[in-house]
Amino acid sequence: MQDKKTLITIIVLLAICLPAAIAGTYRSFTRETEGPTIVDDNPNHDLIYNNKAYFYYNDELLATYDCLGCKQTTTIIDDTGYHTNYFKEGTYALPAVLNPNIALINQNGVDYVYSILIGRTISNFAALKDYHVEHTSPVLIARNDEGKWGVVGITNDAFVPLVSYDYEYISLPAHIIDGKLDTSKFIALRDNYWYILNNDGTSSSDAARAEIVDFNTNYYVVYDNAYHIYDYDGQEYLASVTKSGVYAAGEYIMILDNASTLQVYQNCNSAPLQNIPLPAYTSMYFNQTDAGIEIIIDGNLYQTIELG
369 MQDKKTLITI IVLLAICLPA AIAGTYRSFT RETEGPTIVD DNPNHDLIYN
419 NKAYFYYNDE LLATYDCLGC KQTTTIIDDT GYHTNYFKEG TYALPAVLNP
469 NIALINQNGV DYVYSILIGR TISNFAALKD YHVEHTSPVL IARNDEGKWG
519 VVGITNDAFV PLVSYDYEYI SLPAHIIDGK LDTSKFIALR DNYWYILNND
569 GTSSSDAARA EIVDFNTNYY VVYDNAYHIY DYDGQEYLAS VTKSGVYAAG
619 EYIMILDNAS TLQVYQNCNS APLQNIPLPA YTSMYFNQTD AGIEIIIDGN
669 LYQTIELG
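Numbering (my numbering), first residue to last: 369 to 676.
1) May I have the straight-line CA-CA distance separating Asp599 from Thr489, to the nearest angstrom?
2) Which term fits Asn655, buried or exposed, when burial requires 16 or more other beta carbons within 10 angstroms of its beta carbon?
3) Pick out the complete beta strand (DSSP E) segments inside the segment 514-593, 3 residues or longer, and give them in chain order.
4) Could you please give the first and the last residue of the uninterrupted beta strand (DSSP E) stretch that includes Thr629?
5) Where do the N-terminal and C-terminal ends of the beta strand (DSSP E) with Glu662 fall, by residue?
6) Ordered along the chain, which non-local residues of its own chain (more than five positions away) have a Cβ less than 7 angstroms from that of Pro387?
7) With a threshold of 6 angstroms on Cβ separation, who are the neighbours of Thr432 within its own chain once the five nearest residues in sequence on each side are excluded?
8) Spatial neighbours of Asn637 within its chain, please: CB distance less than 8 angstroms, with the 5 preceding and 5 following residues excluded, ordered by chain position.
9) Per DSSP, which residues does Lys420 bridge with? Please list them.
10) Does the beta-carbon distance from Leu443 to Asp498 come in below 8 angstroms?
11) Less than 6 angstroms between C-beta atoms, sequence neighbours within five positions excluded: which residues of the same chain meet that for Ala391?
12) For Asp599, which three-state DSSP category applies?
13) Does DSSP put Thr504 in a helix, a strand or coil?
14) Count the other CB atoms, across all protein chains shown, that sit within 10 Å of the CB of Gly437; report buried if there are 16 or more and exposed otherwise.
15) Return helix, strand or coil for Asp447, following the three-state DSSP convention.
16) Tell me whether Ala617 sits in a helix, a strand or coil according to DSSP, three-state version.
17) Only counting the same chain, and skipping five residues up and downstream in sequence, which positions put a Cβ closer than 6 angstroms to that of Lys552?
18) Would you mind reading off the limits of the beta strand (DSSP E) that contains Val481?
19) Thinking Leu549 and Val478 are a contact (beta carbons under 8 angstroms), I'd like their distance in whole angstroms, please.
20) Comparing C-alpha positions only, which one of Ile509, Leu472 and Tyr533 sits nearest to Ser539?
21) Helix, strand or coil for Ser491 per DSSP?
22) State the CB to CB distance for the pair Asn467 and Leu485, rounded to an integer number of angstroms; the pair is presumed to be in contact (CB under 8 angstroms).
23) Can you have a look at Glu662 and say buried or exposed, based on whether 16 or more other CB atoms are within 10 angstroms of its CB?
24) How about Tyr588 and Ile580: do their beta carbons lie closer than 8 angstroms?
25) Where do the ends of the beta strand (DSSP E) carrying Asn655 lie?
26) Taking C-beta to C-beta, are Glu619 and Asn584 nearer than 8 angstroms?
27) Using CA coordinates, which residue listed in Thr459, His503, Ile445 and His413 is at the minimum distance from His543?
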């Protein structure tokens, strides 16, 4: 009888203590896997505070990084020495935290990619370039320590090389689609040859000796003290037309003449579809929308070109 009472007592004690022990072990394991608690002692949620970087995403503190000599990464635009039709109206500031795992920080003049998941920097660049406008895909133009430019894609885990660091210059023409910069193709210069690159680094057209400044599916535009329009077989078009500027917008070529008239072509072997007089202006770009191609002059919608 005594043995039976002892057995019952043991069973009761196990029923009480075992769940508590399991729960305690689970809580301990959970704390270890979640990592240490991040203390948010940054009153204004600044990126840099007390020699430490604070990485916020959607107003949630994801990580901190002890960081002497740190500041926010700033991007550059080096297109002014060329004739690319690049986007000049950008006001969008590239955030320090690009997604829940990838952040940018500049430490002592060097731009670093910081992995929030790993808790350390994973790569660095001499410079980063964007046009202060949202992109159609998450990419950045980057320069390495040897002064060569390439293109990197931003994933949830890392910066992925898309275009190798082989070029003296890489740019994006101002192909704006619903307010975002098209990042599917790039203009690049290497060893005095100009290329139109896909965003995987390949090129579906021959290199050009003259500076490529714009392009679309059917034509590309070069500048050698004057503008010229070619198809991808090397045939020149509209050579006798006066051109003070030439732009590609979707499948259309826009020629600005000396009288501030915009001539709109789809087939450069045919007459222009429209001739649009323009006012005096400081800046102009085109935004492709479902309704047509918007002409944006000095930051304001001037006219929508409705083309079938």
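Note that CB positions come from ideal geometry on N, CA and C, so glycine has one too.
The short version:
1) Looking up residue 599 in the sequence shown gives position 231. Looking up residue 489 in the sequence shown gives position 121. So the alpha carbons of these two residues sit roughly 45 angstroms apart.
2) Walking along the sequence shown from the start, residue 655 turns up at place 287. Looking at its Cβ environment, which holds 16 or more other Cβ atoms inside 10 Å, Asn655 is buried.
3) 517-522, 527-535, 537-539, 553-558, 561-566, 579-583 and 587-591
4) As a first step, residue 629 is located in the sequence shown; it is residue number 261 there, counting from the start. Per DSSP, Thr629 belongs to the beta strand (DSSP E) from Thr629 to Tyr633.
5) Taking the first residue of the sequence shown as position 1, residue 662 is located at position 294. Note, Glu662: beta strand (DSSP E), Gly660 to Ile665.
6) Start at 1 with the first residue of the sequence shown, and residue 387 comes out as number 19. Because Pro387 carries a pLDDT of 44, less than 50, the predicted location of this residue cannot be relied on, and the following value inherits that uncertainty. Result list for Pro387: empty, nothing under 7 angstroms.
7) Position 64 of the sequence shown, counting from 1, holds the residue named residue 432. These residues qualify, in order along the chain: Lys420 and Tyr422.
8) Counting from one through the sequence shown, the residue named residue 637 turns up at place 269. Tyr605, listed in sequence order.
9) Your numbering for residue 420 matches position 52 in the sequence shown. Answer is Asp434.
10) Position 75 of the sequence shown holds residue 443. Position 130 of the sequence shown holds residue 498. In the sequence as displayed, the identity of residue 443 is Thr instead of Leu. Against a cut-off of 8 angstroms, the Cβ pair of Asp498 and Thr443 comes out as a contact.
11) Start at 1 with the first residue of the sequence shown, and residue 391 comes out as number 23. Bear in mind that the predicted position of Ala391 carries a pLDDT of just 40, short of 50, making it unreliable; the figure below should be weighed with that in mind. The answer is none, since no qualifying residue turns up.
12) Mapped onto the sequence shown, residue 599 falls at position 231. It is a strand residue.
13) Position 136 of the sequence shown, counted from the start, is the residue given in the question as residue 504. Note: Thr504 maps to coil in three-state DSSP.
14) By one-based count along the sequence shown, residue 437 stands at place 69. So Gly437 counts as exposed.
15) Residue mapping note: residue 447 aligns to position 79 of the sequence shown, counting from 1. If DSSP states are grouped into helix, strand and coil, Asp447 belongs with the helices.
16) Taking the first residue of the sequence shown as position 1, residue 617 is located at position 249. The answer is strand: DSSP assigns Ala617 an E or B state.
17) Position 184 of the sequence shown, counted from the first residue, corresponds to residue 552. The residue you asked about is not Lys; residue 552 is Ser in the sequence shown. Once the five neighbours on either side are set aside, the close Cβ partners of Ser552 are Asn567.
18) Residue numbering aside, residue 481 sits at position 113 when the sequence shown is read from its first letter. Segment Val478 to Ser483, the beta strand (DSSP E) holding Val481.
19) If you number the sequence shown from 1, residue 549 lands on position 181. If you number the sequence shown from 1, residue 478 lands on position 110. Not quite, the Cβ-Cβ distance comes to about 26 angstroms (not below 8 angstroms), so this is no contact.
20) Along the sequence shown, one-based indexing puts residue 539 at 171. Nearest of Ile509, Leu472 and Tyr533 to Ser539, Cα basis: Ile509.
21) Numbered from 1 along the sequence shown, position 123 holds the residue referred to as residue 491. Three-state DSSP puts Ser491 in a strand.
22) Position 99 of the sequence shown, counted from the start, is the residue given in the question as residue 467. Position 117 of the sequence shown, counted from the start, is the residue given in the question as residue 485. Going by Cβ atoms, the distance from Asn467 to Leu485 rounds to 11 angstroms, so no, they are not a contact pair.
23) Position 294 of the sequence shown, counted from the first residue, corresponds to residue 662. Burial call: buried.
24) The count along the sequence shown starts at 1 and reaches residue 588 at position 220. The count along the sequence shown starts at 1 and reaches residue 580 at position 212. Cβ distance < 8 angstroms, so Tyr588 and Ile580 count as in contact.
25) As a first step, residue 655 is located in the sequence shown; it is residue number 287 there, counting from the start. Counting along the chain, the beta strand (DSSP E) containing Asn655 begins and ends at Met652 to Thr657.
26) As a first step, residue 619 must be located in the sequence shown, where it is residue number 251. As a first step, residue 584 must be located in the sequence shown, where it is residue number 216. Yes, Cβ-Cβ distance for Glu619 and Asn584 is below 8 angstroms.
27) For the purposes of this step, residue 543 is taken as residue 175 along the sequence shown, with counting starting at 1. Cα-wise, what sits closest to His543 is His503.
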